[in-house]
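As given, the protein sequences belong to chains A and B, one line each in that order.
Residue numbering for the first sequence follows this note's numbering, beginning at 193 and increasing consecutively.
Residue numbering for the second sequence follows this note's numbering, beginning at 8 and increasing consecutively.
Reading through the C-alpha cells given below for one structure.
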Amino acid sequence: MVSITFIQPDGAAQTVQATLGDSVMQTALNNNIEGIFAECGGAMMCATCHCYIDDKWAEKTGDKSDGEDDMLDCAETEVTDASRLTCQIKVTDALDGLVVRLPSELA
Amino acid sequence: MSKHHLGRGGDDGGNKVMLDIPVNETVTLADLTHDPYPIYKQMRAQTPVVRVAQTNRIFVTTAEHTKWIKENPDIFSSDDPMTPMKPAFQAHTLMRKDGAEHRAERMAMQPSFSPKVIRSDWAALYEKIVNEYVSRLPRGETVDLFSELCGPVAARILAHMLGLEDATDEEMQRWSQRLIDGAGNFGRDPQLFEASDAANVEMNALFEKIAQRHQSEPNNSAFSVMLRAKNPIPLSQMYANIKIAIGGGINEPRDALATIVYGLLTNPDQLEEVKRQEAWMDAFEEGIRWVAPIQVSGRRTTQEIQIGDVVVPKAETVMTIQASANRDEAIFDDGESFNVFREKHPHQSFGSGPHHCAGAQIARRTLGHIMLPLLFDRFPNMQLRNPEDVVWSGFGFRGPLNLPIYLD
Ligand code: HEM
Ligand code: HEM
Ligand code: FES
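Here it is, written out as C-alpha cells:
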C-alpha cells in the first residue's frame, strides 16, 4: 500500500491509502478529499484537480504531461512552480509518503 | 478497463449474464420534449440502458454510466460523421473530434476562457453590461425576462469574449439559433440548412472584416488569441471554433438563468435563505443540476461494449442523458425537486471527459457571481405571479421558453 497525505490550505492533514495505478486525483475522490473536484474526470480539460507538490517529491512524481502547463494556466486557484494536476500523477510504489498540498480558493 | 466492463449484472467469475438491449417502442420525441423527467425516472428504475425505437438511439440514464461513457473516448467517440452539425457549421468542429486534434483546437481558444483572463478582463466588463441591461428593464409592469434579459445579456457578454463586439445582440442570437436549428436538422430539411448557410455567410463576412484589427490591436478575446498563437490553427478552424461558441455560449447561460430565477421565485423560502447567506453560487449549481440546459450528449461506440447488463454493438449512437444522471436516486435524495440547500454532490451539467464544457468557469462567474446577486438586488420583490404560464420545452436543450415576471 502507498500512503498519501493531503494538506488543506488551513493546515489540516489527512493521510489515506492509495491503490497502485490509480491517479492521485482518483485517490482524492475515493477519499472525499476537499478541494479536488476533477470535473472532467481526468481528461486534463478542467484544472479543477490542481495541487502543489513540494520540491523533494517533484522528482518522484515525474515530468508534467504534454499540455499540462497550458491547462494549469486555466486553473481557478493560484498557480506556482509547484503546481500539478493530480489527474496526471500516477500512484507508484515510489510515491509512498507523498505529500500533496491543496490550493486555497481565490475570491 | 474499468469495472464497468464486467458490468454490474455480470459476475466476475466469468459467467457473465449479458442481455439483449431492451427496446422501448412507445416513447416519442414529442413526449421527451414536453417532459422527459418521469420517463427518465422510469428508465433508471427499469431499463437504465434502452433502445428508444422512435429515435433509434440507445439511452443511458444512470449517473455512473453517463460519466463513465464520457470519460472513455476511445470506446465512445464524439466523431459522428452522420450528424447534421457538419453542414450546419460548414466545418467539422471540435465538438465532434477526438484525441490530439481535439485538444489542439480546444486549447487554442481556452486561454480566453481562463479564470485569470476572466478576472483581469471580463469581470468588470460583465458587471457593466449586466448593470446596463438590468437598468434598462421597465418597472411596474410584467416583463418577459427570458427575451428581455437572459438572451440579450448572454449574447452581449459572449460577443465581447469572442472578439465580436461589432455584432448586435440580435445578430448573435439569430446566428446562434440558426446554427442550433441546422445542427439539429436530423430530418435534413433544406430550409434549415439554407438559414444556417445564410448565417454562415454573415458570420464569415464579419470575421474577415475584423481579423486585421485583432492582429493590430491584440486583446484577450478568443479570436485575437487564436490569431496570435505561436502555432495558429487554420483560419477555417478558428471560424468553426467561434461558431461553436456562438452556438453553445448563448442558449445555455440564457436557459440556465431562466431556470434558476424560476426555481428561486417558486421557492420563496429558499430565495430568502439564499439572499441571507449570499448563496448565489449554490443556487446556480442547483438550478443547472435540476434542469440541465444541455440534457443529452451523443457518443458513438468504436467497439462492442457492455454497459451495465447489456451488450451494445459497435457503431451505435448512445445518448448519455446527463439530465437523468442529475436526478439519479443513487446520488441525490429527491432529485426531482429544486433545493439549493441539498447535500452537495457533483452534477453532470457541464459534461465530463475531454469535452467537458470549455465555458464552465465563465458561466459560473457571470451568472453566479454577477448576474443573480445584481438582479435580485435591483428587483428584490420580483414576482412570478402565474408560474403555470411558464412553458418548459426541450429534449437536447431544455429550459423555460418564457418567464413573465412582474417587476416592482
Ligand atoms: C452552434 C453550436 C451548436 C449547435 C448547433 C449544437 C447542436 C447540437 C446538436 C443538435 C447535437 C446533436 C448531434 C448528434 O449527437 O448527433 C449536438 C450535440 C451536442 N452538443 Fe452541440 N451544438 C452546438 C454547440 C454546442 C456547444 C458549444 C455545446 C456546449 C455548450 C454543445 C453541447 C452539445 C451536447 C451536449 C450535445 C448533445 C446532443 C448530442 O450529442 O446528440 N453544443 N449539438
Ligand atoms: C450554464 C451554461 C453552460 C452549460 C450548462 C454548458 C454545458 C456544456 C456541456 C454539457 C458540454 C459538453 C458537450 C459534450 O459532452 O458533447 C459543453 C461543451 C462546450 N461548451 Fe458549454 N455550457 C455552458 C456555457 C458555455 C459557455 C458560456 C461557453 C462559451 C464561452 C461554452 C462553450 C463550450 C464549448 C466550446 C464546448 C465544447 C467543448 C469540446 O467539445 O471540447 N459553454 N458545454
Ligand atoms: S481532472 Fe480535469 S484536469 Fe484533472
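Quick reminder that beta carbons are idealized off the backbone N, C-alpha and C, glycines included.
Alpha-carbon to alpha-carbon, S223 (chain B) and N333 (chain B): Their backbone Cα atoms lie some 46 Å apart in a straight line.
For I251 (chain B), the three-state DSSP class (helix, strand or coil): The answer is helix: DSSP assigns I251 (chain B) an H, G or I state.
Helix, strand or coil at L391 (chain B) according to DSSP, with G and I counted as helix: The answer is coil: DSSP assigns L391 (chain B) none of H, G, I, E or B.
Residues within the region 77-89 of chain B neighbouring chain A, beta-carbon criterion of under 8 Å: Flagged, chain order: K77, E78, P80.
The region 104-117 of chain B: positions lying closer than 8 Å to chain A by Cβ: R110, R113, M114, Q117
Candidates B:V34, B:S359, B:L144, B:A115, of which the one nearest H72 (chain B) by Cα: B:S359
Neighbour flag for C266 (chain A) against chain B, beta carbons, 8 Å: yes
beta-carbon H362 (chain B) near ligand 4 non-hydrogen atom, thresh 7 Å: Annotation note on ligand 4: not contained in the displayed structure, which lists ligand 1, ligand 2 and ligand 3 as its ligands.
7 Å Cβ cut-off: residues of chain A touching Q368 (chain B): E268
CB contact check: P260 (chain B) to chain A, cutoff 8 Å: Not an interface residue.
Beta-carbon spacing of A220 (chain A), T269 (chain A) below 8 Å: no
Contact set between the region 248-267 of chain A and chain B, restricted to residues whose Cβ is under 8 Å from the partner: G259, D262, M263, D265, C266, A267
Cα-Cα separation, A205 (chain A) to S275 (chain A): Approximately 18 Å, taken between the alpha carbons.
Residue closest to D176 (chain B), alpha-carbon to alpha-carbon, out of B:F386, B:P197, B:S154, B:G191: Measuring from the Cα of D176 (chain B), the nearest candidate turns out to be B:S154.
Unbroken stretches of the beta strand (DSSP E), 3 residues or longer, contained in the region 61-104 of chain B: Here the runs fully enclosed are 64-67.
Bounding residues of the beta strand (DSSP E) (the contiguous stretch that carries M326 (chain B)): 324-328
Sequence-distant residues of its chain with Cβ nearer than 7 Å to I245 (chain A) (five each side left out): T253, A274, R276, V292
Selection from A:Q200, A:Q218, A:V208, A:A239 that minimises the alpha carbon distance to M114 (chain B): A:A239
F200 (chain B) - partner residues in DSSP beta bridges: None, per the DSSP bridge assignment.
Backbone secondary structure at S257 (chain A) - three-state DSSP: Here S257 (chain A) sits in coil by DSSP.
Check: A230 (chain A) C-beta below 7 Å from any heavy atom of ligand 3: Yes, ligand 3 has a heavy atom inside 7 Å of this Cβ.
Near ligand 2: L101 (chain B) beta-carbon under 7 Å from a heavy atom: Relative to ligand 2, the beta carbon of L101 (chain B) is positioned inside 7 Å of a heavy atom.
Heavy atom of ligand 2 within 7 Å of G366 (chain B) beta-carbon: Yes, Cβ of G366 (chain B) sits closer than 7 Å to a heavy atom of ligand 2.
Buried versus exposed, by CB contacts within 10 Å (16 or more), N156 (chain A): The structure shown does not extend to residue 156 (chain A), since chain A spans only 193 to 299, so no value can be given for it.
Three-pair Cβ contact test at 8 Å for the region 347-367 of chain B versus the region 280-295 of chain B: yes
H242 (chain A): first and last residue of the uninterrupted beta strand (DSSP E) it sits in: 242-245
Validate contact between the region 70-84 of chain B and the region 187-200 of chain B using beta carbons, cut 8 Å, 3 pairs: no
C-beta contact flag for G227 (chain A) and Q209 (chain A) at 8 Å: no
Expected contact under 8 Å - CB spacing of V34 (chain B) and I46 (chain B) to nearest Å: About 6 Å separates the two Cβ atoms, so the contact holds.
Beta-carbon gap between R405 (chain B) and V232 (chain B) smaller than 8 Å: no
Nearest to T207 (chain A) (by Cα), restricted to the options A:E297, A:L287, A:P295: A:L287
Separation of Q218 (chain A) from Q280 (chain A), as counted between CA atoms: 10 Å
Interface flag, H72 (chain B) vs chain A, CB-CB below 8 Å: Output row for H72 (chain B): interface = no.
Distance cut-off 7 Å: M233 (chain B) Cβ against heavy atoms of ligand 3: no
CB contact below 8 Å: P197 (chain B) versus chain D: In the structure shown, chain D does not exist; the protein chains are A and B.
Close beta carbons around L144 (chain B), own chain, < 7 Å, minus the five adjacent residues each side: V150, E155, L156, L414
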